[in-house]
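S.K.: Dropping the structure in here first, questions after.
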Amino acid sequence: AKGYVGRKLVSYWTSRNLNGGEAILGDLNESRYDPASLRYYPVSRNLTTVNKVPALWAVKLVELRVGNSIVGLPSADAAFVLDTGSSRFKGDPTIIDNIVRLITANGIRSQTVTNPADLDSYPDFTIVLVELAEREGFEPSKHLYGHLIA
Numbered sequence: 003a004k005g006y007v008g009r010k011l012v013s014y015w016t017s018r019n020l021n022g023g024e025a026i027l028g029d030l031n032e033s034r035y036d037p038a039s040l041r042y043y044p045v046s047r048n049l050t051t052v053n054k055v056p057a058l059w060a061v062k063l064v065e066l067r068v069g070n071s072i073v074g075l076p077s078a079d080a081a082f083v084l085d086t087g088s089s090r091f092k093g094d095p096t097i098i099d100n101i102v103r104l105i106t107a108n109g110i111r112s113q114t115v116t117n118p119a120d121l122d123s124y125p126d127f128t129i130v131l132v133e134l135a136e137r138e139g140f141e142p143s144k145h146l147y148g149h150l151i152a
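Numbering (the working numbering), first residue to last: 3 to 152.
Below is the structure:
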């Protein structure tokens, strides 16, 4: 380390406006967020994608849950990539297919939700990251409303 960056962190802020947003190396712009809303996760250099490509911005994925069902992971070294450029979940097709199957109850529920009243019929989606086993839960209004889930 050459000491060019003060702290080992990267922060992003995105805007709905075409010319908005910022990326900061080594610091945070505290005017852009609620400090209580941040979670820090250790990024691993040893995780790879399904195709054995090094996964940048990846943290170890311990468990995925849809409602009370556990989604099977392909290996003990599964990675969850923190992608600030996407509002959708992407990944190993087997995992994504299982998530979609569980969220939609094998196709009974739609993959697209446009009516907020319909969200009550969908399960929560929970991601457990790293050995700390910190759970990040997403109720249906956070992972479904107005978006395709895959």
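In this text, a Cβ means the ideal position worked out from N, Cα and C, and glycines have one as well.
Please classify residue 16: is it buried, with 16 or more other beta-carbons within 10 angstroms of its beta-carbon, or exposed?
M.R.: Counting the other CB atoms within 10 Å of its CB gives residue 16 a total below 16, which places it among the exposed residues.
S.K.: Could you give the residue range of the alpha helix (DSSP H) that holds residue 67?
M.R.: Unbroken run through residue 67 is the beta strand (DSSP E), 60–68; no alpha helix (DSSP H).
S.K.: Counting only beta-carbon atoms, is residue 25 nearer than 8 Å to chain D?
M.R.: In the structure shown, chain D does not exist; there is a single protein chain.
S.K.: Helix, strand or coil for residue 96? Go by DSSP, reduced to three states.
M.R.: helix
S.K.: DSSP state of residue 113, grouped into three classes?
M.R.: coil
S.K.: Give me the DSSP bridge partner(s) of residue 1.
M.R.: This structure does not reach residue 1, given that the chain is present from 3 up to 152, and the question cannot be answered.
S.K.: Per the contact definition of three or more C-beta pairs closer than 8 Å, is the region 115–127 in contact with the region 63–83?
M.R.: Between the region 63–83 and the region 115–127, the count of Cβ pairs shorter than 8 Å is three or higher; the stretches touch.
S.K.: Give the range of the beta strand (DSSP E) segment to which residue 106 is assigned.
M.R.: Taken as a continuous stretch (DSSP letters only), residue 106 belongs to no beta strand (DSSP E), as it is neither H nor E.
S.K.: Terminal residues of the continuous beta strand (DSSP E) containing residue 20?
M.R.: Residue 20 -> no beta strand (DSSP E), and no H or E assigned at all.
S.K.: From the DSSP output, in three-state form, read off residue 78 for me.
M.R.: coil
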